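Enquirer: Mind looking over this structure? Questions follow.
In this note's numbering, the protein residues as written are 78 to 213.
Right under this line is the structure:
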């Protein structure tokens, strides 16, 4: 019975994650990062981020009622972390933000990159979600 319960929870969690790849828990929003070109190491990558209300099976894009900050963040194998090169985002439609100048580098460092999206109000963090960057 424990195994069956565990499998049910695992299945539900994976379905939930598929419907809300980037979850902004505090505000019941979902987001999805889509690569247009990339991701690449040592050259520019291009992606979009879209937003919709959590639980909306149609994923109808909505505009968050917050300021949006999109940035890269490196988490090193040692446990330390740091921000990446500045990137610029541009609103291209309702609930759609585009980044054309994301850059990632590793050098001799070991670890991984994330794209982080923060929702803010009056310079205060409201909610944050991250997308791990997987290089081909």
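C-beta atoms are modelled at their ideal positions from N, C-alpha and C, and glycine is treated no differently. Note that the structure is predicted; figures quoted are calculated from it, not measured.
#1: On the criterion of 16 or more Cβ atoms from any shown chain inside 10 Å, does residue 159 qualify as buried, or is it exposed?
#2: Hey, would you say residue 194 sits closer than 7 Å to residue 132, going by beta carbons?
#3: Which same chain residues end up closer than 7 Å to residue 90 when comparing Cβ atoms and leaving out the 5 residues on each side of it in sequence?
#4: Grab me the residues of residue 206's own chain with a C-beta within less than 7 Å of its C-beta, minus the 5 sequence neighbours each way, in chain order.
#5: Pick helix, strand or coil for residue 104, following the three-state DSSP scheme.
#6: Alpha carbon to alpha carbon, how far is residue 153 from residue 231? Give it in angstroms, no decimals.
#7: Roughly how many whole angstroms lie between the Cα atoms of residue 103 and residue 197?
#8: Which residue or residues does DSSP assign as beta-bridge partners of residue 177?
#9: Please give the ranges of any beta strand (DSSP E) in the region 95–145, keeping only runs that are unbroken, at least 3 residues long and fully inside the region.
Expert: Here's the rundown:
#1: Residue numbering aside, residue 159 sits at position 82 when the chain shown is read from its first letter. It counts as exposed.
#2: Residue numbering aside, residue 194 sits at position 117 when the chain shown is read from its first letter. Residue numbering aside, residue 132 sits at position 55 when the chain shown is read from its first letter. Not in contact: residue 194 and residue 132 (Cβ atoms no closer than 7 Å).
#3: Position 13 of the chain shown holds residue 90. Legend: pLDDT at residue 90 = 37, less than 50; position of this residue unreliable, value from coordinates given subsequently. Closer than 7 Å at Cβ, skipping near neighbours: no residue.
#4: Working through the chain shown from its first residue, we reach residue 206 at position 129. These residues qualify, in order along the chain: 99, 100, 101, 108, 194.
#5: Here residue 104 is taken as the residue at index 27 of the chain shown, counted from 1. In this structure, residue 104 counts as helix in the three-state DSSP scheme.
#6: Residue 231 cannot be examined here, being either before or after the span of the chain that is shown, 78 to 213.
#7: Taking the first residue of the chain shown as position 1, residue 103 is located at position 26. Taking the first residue of the chain shown as position 1, residue 197 is located at position 120. Their Cα atoms are separated by approximately 11 Å.
#8: Residue 177 sits at position 100 when you count from the first residue of the chain shown. Beta-bridge pairing links residue 177 to no other residue.
#9: 99–101, 106–114, 122–130
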